[in-house]
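Residue numbers (UniProt numbering): 1 to 171. Even glycine gets a Cβ: it sits at the ideal position worked out from N, Cα and C. This one's a predicted model, so the numbers in the text were calculated from it and none came from an experiment.
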Amino acid sequence: MADSSSFYPAKPESGVTLIELVITIVIVGVAIAGVIGSYSLVVGRSANTLYQSRTTAVGQAYLDEILARRFGPGVGPGGSPSASGCNDTGTGGGKERADYRTVNDYQGLEDSPPRLVSGGFGEAYEGYRVEVSVTCAGAEVGVGDDAKRIDVMVYPAQGPSMTFTAYKGNF
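Following this line, the structure appears as structure tokens:
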């Protein structure tokens, strides 16, 4: 009778050595660390878009409210009769916002948190601050004393501030 080992030759041993296993674990670990690192960088910046859109909404709302007012005292709707000269003084004169009638009334306005005549922005805008500056700017746009520059600076709770500028003409 023949020996059974001669019919079935010995197979070489297969498997993973300890060195190969350690190298594989290190490579996988580095790859996972890279993926998690890049993911956390993206997630950390994802809120910036939210703050930018909210800041833009606040700035636009303030400009809409201010531009709806008259150019100056004594100026009727549509700029008639026209004001003589540009006057950029005014801080609302201690009036309530609902009583603001001219663009000048907004000069020096500071709100924290932001609020409009029609109401506030809600709790999502806590920590935001708004400053308004109104200056004579006719020379900037070539219309003499018939223009005012309105700058609305919005400072969000996080992220960079934004300045929104508009011109109000007396015509």
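From the DSSP output, which residues share a beta bridge with residue i?
i    : result
Y155 : R129
G169 : A147
R70  : T102
T163 : M153
Assuming the contact rule is C-beta atoms closer than 8 Å, residue i and residue j should be a hit. Round their C-beta distance to whole Å, please.
i           : j    : result
I150        : A166 : 5 Å
G159        : Q52  : 7 Å
R70         : R97  : Rounded, the Cβ-Cβ distance is 15 Å, inconsistent with contact.
residue 189 : V152 : Because the chain here runs from 1 to 171, residue 189 falls outside it and cannot be looked at.
K148        : A137 : 6 Å
For residue i, tell me which candidate among the options has the shortest Cα-Cα distance.
i    : options                  : result
V143 : A31, E131, K168 and V43  : K168
F164 : I66, A157, A147 and R97  : I66
M162 : A147, T56, R70 and S14   : T56
G59  : I19, L18, A33 and P113   : P113
D64  : N170, S118, V28 and D146 : S118
S133 : D146, N48, G122 and V103 : V103
Residue j and residue i - do their beta-carbons sit closer together than 9 Å?
i    : j    : result
D105 : K95  : yes
Y155 : R115 : no
N170 : G108 : no
T24  : V16  : yes
Legend entry - Contiguous beta strand (DSSP E) assignments of at least 3 residues, all confined to the stretch 102–136: 129–136
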